[in-house]
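Peer 1: Before anything else, here's the structure in question.
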Amino acid sequence: METLRHSAAHIMAAAVKDIWPNVKLAIGPAIDNGFYYDFDFGDTVINENDFAKIEKKMKSIIAQDLPFEKYEEDILKAIDKEKQRGEIYKVELLEDLKSEGTQKVTYFKTGDFEDLCRGPHIKSSSEVKAFKLNKIAGAYWRGDENNKMLTRIYALAFETEKDLNEYTELLKEAELRDHRRLAKEFDLFSISDKVGQGLILWHPNLSKTREVLETWWRKVHRQNGYHYVYTPHIGRSLLWQESGHLGYFKDSMFPPFSDKETKDEYYVKPMSCPFHVEIYKSRRRSYRDLPIRWNELGTCYRYEKSGELHGLARPRGFTQDDAHIICTKEQFKDEYRKVVELTLNVFSNFGFTKFKYYLAARDPKNLDQYVGDSDVWDIAEATIKEILVEKGIEYELEEGGAKFYGPALDIKIFDAIGREWQCPTIQLDMNLPSKFNMTYIGQDGKDHTPIMIHRTIFGSLERFCTILIEHYAGAFPFWLSPIQIKIISVSDNHIDYCYKLSEEFLQMDFRPQVDDASETVGNKIRKAVNEKVPYILVIGDKEMESGLLNVRERGSKNTYKISKEDFIKNIQSQIK
């Protein structure tokens, strides 16, 4: 599919070039479910209204059954050719290749159109059967905001019209579940221009859900032998220099600020790892102290580019559910296995049952780019594989996918409409223990370097709440619902009783809300249904006289009578 989608991108570029001959071409790769191409239209403005004529031209090219023909070109001739065409972006790419020592490049020709490309491609344009242009966006050349903003046209491409139609329906459902749309509907969060891009204002409704998540997360970790720590939001540049963040991660950090007295530079933290290391180093450690399991809900800040921000899913300030396990080599397998088991247990509580596992390992052809003892890498990768095999977990091996400091297990979860979300990462860190000279006294009385596992389960509270909002489409399960019970008064005579009932629920740590508005009962029920409240209680004369509750459950139009005691038992059983 990747080859077909890449070829479809060439066909789209050929169509656009035919319609707008002066357009300049940038790049057009295949992506998940389709492709895109970046264009420089100069002063010409295009929008989604132009999609129909682009698609019509593409279909014409496809119908001609044009072969994709590959040929080689001397790089100097290629540069000269692209200069004559005015293709400034191709020239820049070629100049970079030339500086790297490339002497020949390849082109692919389709009819009168040709494009600089490594390939591979399909044999003929007629192999593209099902595609649809679906959106347009701005994109900086090479992702650098200092460069010119280009026009990026996205498209979907599949092997069959059936597959395309099914995915189009999925997109429609995803749009209905978009957390940014639901945030307005259910009053969950907002982003203010005065506060700043990518900085989330949590409204009371979503704050209640977050509070429940945090409390439950802490309890689960406490039950699994973790100890909670708190660390600052800022740290001296010395810390980030030693950790390597200023060398490898500075572009993703906010600019420093200075202490007025000492003139020391400080950075807001992009992650909590170095702080946990400093806690470890605050005293001498023995093998008897290990394993150590520390966890924290630490708020971090990263300078995400404005074009990469995406509501709650990708903000600039976020709370990461961090944990670090510090152990001996002998303890590594057992501790890593426990993290995998904890992760799966956590997600089962939210109804997630389908996962994909990716083992990010070293690139065997470029071992020099990784830090740490090669033997430890070998043992770690082999151990993670053993754990997965022992647990009957199928995984994909991603050679070259590991970060420079250690292998990792990345787990993707599938939501209610079959989309993949990256959440848990279980990372072996061989960088910080050596950089910070972390040691423990072994049984032999000598200093040893510990193993450190860095892991997140939710990824961040912001990202996980995004997933929950879209997974449940706003209909949170009872234990996570901001408002769990809506109590509706039939008339003013019943309001005091409703509030008395609400107070009883509050004292039992439930989240009720009384609707005493001067509206019809039907209107109040409709509002509660639209708010996706799990339980609606309607209180009138009969309920006050009998002491029974008139209950309507979410998703049902029917009501039933139940004693208050039995209702409480029912809802208590749903609390995690």
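Numbering (numbering that gives the first Met the number 0), first residue to last: 0 to 575. Note that CB positions come from ideal geometry on N, CA and C, so glycine has one too. All of these numbers come straight from a predicted model, not from anything done at the bench.
Spell out a yes or no on whether the region 338-358 and the region 395-411 are touching, meaning 3 or more CB-CB pairs, one atom from each, closer than 8 Å.
Peer 2: Contact between the region 338-358 and the region 395-411 is present, because at least three Cβ pairs lie under 8 Å.
Peer 1: Taking residue 275 as part of the alpha helix (DSSP H), name the residues at either end of that continuous run.
Peer 2: Note, residue 275: alpha helix (DSSP H), 272-279.
Peer 1: What whole-angstrom Cβ distance do residue 333 and residue 271 have, given they're in contact under 8 Å?
Peer 2: The pair is not a contact, with the Cβ atoms about 24 Å apart (cut-off 8 Å).
Peer 1: Could you compute how far the alpha carbon of residue 177 sits from the alpha carbon of residue 56?
Peer 2: Using only the alpha carbons, I get a separation of about 32 Å.
Peer 1: Can you give me the start and stop residues for the alpha helix (DSSP H) that residue 319 sits inside?
Peer 2: From DSSP, residue 319 is part of no alpha helix (DSSP H) but of the beta strand (DSSP E) over 316-326.
Peer 1: Express the C-alpha separation of residue 482 and residue 517 in angstroms, rounding to a whole number.
Peer 2: Looking at the two C-alpha atoms, the distance is approximately 20 Å.
Peer 1: Taking only the alpha-carbon atoms, compute the straight-line gap between residue 109 and residue 461 and give it to the nearest angstrom.
Peer 2: Their backbone Cα atoms lie some 46 Å apart in a straight line.
Peer 1: Return the chain-ordered list of same chain residues with a C-beta closer than 8 Å to the C-beta of residue 36, the five sequence neighbours on each side being excluded.
Peer 2: Counting only Cβ-Cβ distances below 8 Å, and skipping sequence neighbours, we find 8, 11, 12, 15, 24, 25, 26, 27, 151, 152.
Peer 1: Going by other Cβ atoms of all chains shown within 10 Å of its Cβ, with 16 needed for buried, is residue 204 buried or exposed?
Peer 2: Buried, by the Cβ-count rule.
Peer 1: Is it true that the CB of residue 450 sits closer than 9 Å to the CB of residue 331?
Peer 2: Yes, the Cβ-Cβ distance between residue 331 and residue 450 is below 9 Å.
Peer 1: If the criterion is Cβ atoms closer than 9 Å, does the pair residue 115 and residue 89 meet it?
Peer 2: Contact flag set, yes.
Peer 1: Candidates 371, 442, 374, 469: which alpha carbon is nearest residue 414's?
Peer 2: If we check each option's Cα against that of residue 414, 469 comes out closest.
Peer 1: Hey, quick one: how far does the alpha helix (DSSP H) through residue 393 stretch, first residue to last?
Peer 2: Premise fails: residue 393 is in no alpha helix (DSSP H) and is neither H nor E.
Peer 1: In chain order, what are the residue ranges of uninterrupted beta strand (DSSP E) at least 3 long that sit wholly in the region 325-390?
Peer 2: As far as the region 325-390 is concerned, its whole beta strand (DSSP E) runs of at least 3 residues are 354-360.
Peer 1: Just checking residue 505 against the ligand SAM - is the residue's beta carbon closer than 8 Å to any of the ligand's heavy atoms?
Peer 2: In the structure on display, the ligand SAM does not appear, and there are no ligands present to speak of.
Peer 1: Looking only at C-alpha atoms, which of 217, 249, 471, 210 sits nearest to residue 302?
Peer 2: Nearest of 217, 249, 471, 210 to residue 302, Cα basis: 249.
Peer 1: Please work out which residues of its chain come closer than 7 Å, Cβ to Cβ, to residue 496, disregarding the five sequence neighbours upstream and downstream, and give them in chain order.
Peer 2: These residues qualify, in order along the chain: 538, 543.
Peer 1: Return the bridge partner residues of residue 188 from the DSSP annotation.
Peer 2: For residue 188, which the question treats as bridged, DSSP gives the partners 201.
Peer 1: In angstroms with no decimal places, state the Cα-to-Cα distance between residue 534 and residue 432.
Peer 2: Approximately 51 Å between the Cα atoms of the pair.
Peer 1: Give the straight-line distance between the Cα atoms of residue 580 and residue 228, rounded to the nearest whole angstrom.
Peer 2: Residue 580 cannot be examined here, being either before or after the span of the chain that is shown, 0 to 575.
Peer 1: Based on Cα-Cα distance, which residue from 260, 254, 264, 326 lies nearest to residue 284?
Peer 2: It is 326.
Peer 1: What is the C-beta distance between residue 406 and residue 427, in whole angstroms, given that I count them as a contact (C-beta under 8 Å)?
Peer 2: Confirmed, Cβ separation roughly 6 Å.
Peer 1: Looking only at its chain, what residues have a beta carbon closer than 7 Å to the beta carbon of residue 188, apart from the 5 residues adjacent to it on each side?
Peer 2: Within the same chain, residue 188 has close Cβ partners 182, 199, 200, 201, 202, 205, 311.
Peer 1: Given a cut-off of 9 Å, decide if residue 72 and residue 101 are closer than it, judged by their beta-carbon atoms.
Peer 2: Not closer than 9 Å, so no.
Peer 1: Rounding to the nearest angstrom, what Cα-Cα distance links residue 318 and residue 118 in this structure?
Peer 2: Taking the straight line joining both Cα atoms gives about 41 Å.
Peer 1: Please report how far the alpha carbon of residue 445 lies from the alpha carbon of residue 429, in whole angstroms.
Peer 2: Each residue's Cα considered, the two are about 20 Å apart.
Peer 1: Could you check what DSSP says for residue 83 in three-state terms: helix, strand or coil?
Peer 2: If DSSP states are grouped into helix, strand and coil, residue 83 belongs with the helices.
Peer 1: Would you report the Cα separation of residue 103 and residue 1, rounded to the nearest angstrom?
Peer 2: Their backbone Cα atoms lie some 24 Å apart in a straight line.
Peer 1: May I have the straight-line CA-CA distance separating residue 124 from residue 531, to the nearest angstrom?
Peer 2: About 49 Å.
Peer 1: Residue 520 lies in the alpha helix (DSSP H); which residues open and close that run?
Peer 2: Taken as a continuous stretch (DSSP letters only), the alpha helix (DSSP H) holding residue 520 covers 520-529.
Peer 1: Could you say which of 218, 142, 254, 221 lies nearest to residue 235 if we only look at CA atoms?
Peer 2: Per the Cα distances, 254.
Peer 1: Counting contacts by CB-CB distance shorter than 9 Å, is residue 232 in contact with chain B?
Peer 2: Checking the listed chains, one finds no chain B in this structure; it contains a single protein chain.
Peer 1: Let me make sure I understand the geometry here. Which of 156, 364, 93 has the alpha-carbon closest to that of residue 127?
Peer 2: The option with the nearest alpha carbon to residue 127 is 156.
Peer 1: For residue 67 versus residue 6, is the C-beta distance shorter than 9 Å?
Peer 2: Against a cut-off of 9 Å, the Cβ pair of residue 6 and residue 67 comes out as a contact.
Peer 1: To the nearest angstrom, how far is the alpha carbon of residue 276 from that of residue 528?
Peer 2: Rounded to whole angstroms, residue 276 to residue 528 spans 49 Å at the Cα level.
Peer 1: Sort 260, 262, 256, 279 by Cα distance to residue 268 and report the nearest one.
Peer 2: Nearest C-alpha to residue 268: 256.
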